[in-house]
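S.K.:
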Amino acid sequence: DVRHGLRKEPLARLGVRVEWSDQPNGTGAMTKGLREGALDVAIVLTEGIVADLAKGNPSLLVAQYVQSPLRWGVHVAYGSRFNSIGELRGRRFGISRPGSGSHLMAYVLAKQHGWDLAALKFVVVGGLEQARGAFAASQIDAYMWEEFTTKPLVHSGEWRCVGVCTTPWPCFAVAATKAVLAEHADAVGLALDAVRSAAARFKARPDESVRRVSEVH
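UniProt numbering numbers the first residue of the sequence shown as 1 and each following residue consecutively.
(1) Cβ of G48 within 8 angstroms of Cβ of G101?
(2) Could you compute how far the alpha carbon of A187 sits from the alpha carbon of I140?
(3) List the endpoints of the continuous beta strand (DSSP E) containing R71.
(4) Using only the alpha-carbon positions, how far apart do T177 and W159 sit?
(5) Tell me whether the beta-carbon of D97 lies closer than 8 angstroms to the beta-carbon of G163.
(6) In three-state DSSP terms, what is V124?
(7) Report the partner residues of L45 according to the DSSP bridge assignment.
(8) Does the Cβ of T149 have 16 or more other Cβ atoms within 10 Å, making it buried, or fewer, making it exposed?
(9) If the criterion is Cβ atoms closer than 8 angstroms, does the pair residue 226 and I95 meet it?
(10) If you compare alpha carbons, which of A42, S209, G90 is closest to A118?
(11) From S214, Y65, A136, V210, pick the residue whose C-alpha is nearest to that of R196; which is it?
(12) Hey, which unbroken runs of the beta strand (DSSP E) at 3 residues or more fall wholly within the UniProt domain "Ca3427-like PBP 2" (88 to 163)?
(13) Among R211, L88, M30, A175, which residue has its Cα nearest to the Cα of G114?
(14) What residue range is occupied by the uninterrupted alpha helix (DSSP H) comprising S59?
(15) Please state the DSSP three-state secondary structure of T27.
(16) In whole angstroms, give me the CA-to-CA distance for R92 and A38.
(17) Can the beta-carbon of E129 be found less than 8 angstroms from the beta-carbon of W72?
(18) Shortest alpha-carbon distance to L60 belongs to which of N25, A200, V180?
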């Protein structure tokens, strides 16, 4: 993956030190990290960073990372009585945190299906592992997450995917804080070049890439 590829890039001899930080709690955690200075640059869901920029996040969009849309699975517990998206109208949607992709995409889903946006019900549960517990405790009725990430849970019979909501925009962007751009714009540019190179290698070697992703994730 890109994380592995960055380790191979000769950034250190160019005077650029990159520290990769996984963010299992998703978009909301990353926008918070950018706001608070815990992160300098983030590869983040487009909808999440755009929404947070509108709320005053002191960052800028500096690149598009993935142009294709993201497919969000609409999930329920395996034993749930709900079998379609339409049946989830007015039900409790678990979200990782306010402003996260799971939060914002619930609004997209509601708009696509003609639901009253003001009537949406949200329960903050955290990331994927916490959502599993929330389903088990019957605290939520639905949870939206990228459908391929959740396939192991669906295949194991723990969850069911009752539908898919596709983003009407490119799914991932790169954001950087204004502070880091003011002091290290060249370094950010070099790091982005390294990311693009790593991504190109990833796509050029599908068998190796699939194996590595399966090992890491």
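Ideal Cβ placement from N, Cα and C applies to all residues, glycine included.
M.R.: Once the coordinates are examined:
(1) For G48 and G101, yes; Cβs fall inside 8 angstroms.
(2) 43 angstroms
(3) 71 to 77 is the extent of the beta strand (DSSP E) around R71.
(4) 37 angstroms
(5) Checking the sequence shown, residue 97 turns out to be Arg, not Asp. It is not a contact, given that the beta carbons lie outside the stated cut-off.
(6) strand
(7) F172
(8) exposed
(9) Residue 226 lies beyond the range of the chain shown here (1 to 217); nothing can be said about it.
(10) Distance from the Cα of A118 is smallest, within the candidate group A42, S209, G90, for G90.
(11) Y65
(12) 92 to 95, 121 to 124, 142 to 146, all fully within the UniProt domain "Ca3427-like PBP 2" (88 to 163).
(13) L88
(14) DSSP places S59 outside any alpha helix (DSSP H); the residue lies instead in the beta strand (DSSP E), whose first and last residues are 59 to 66.
(15) helix
(16) 32 angstroms
(17) no
(18) V180
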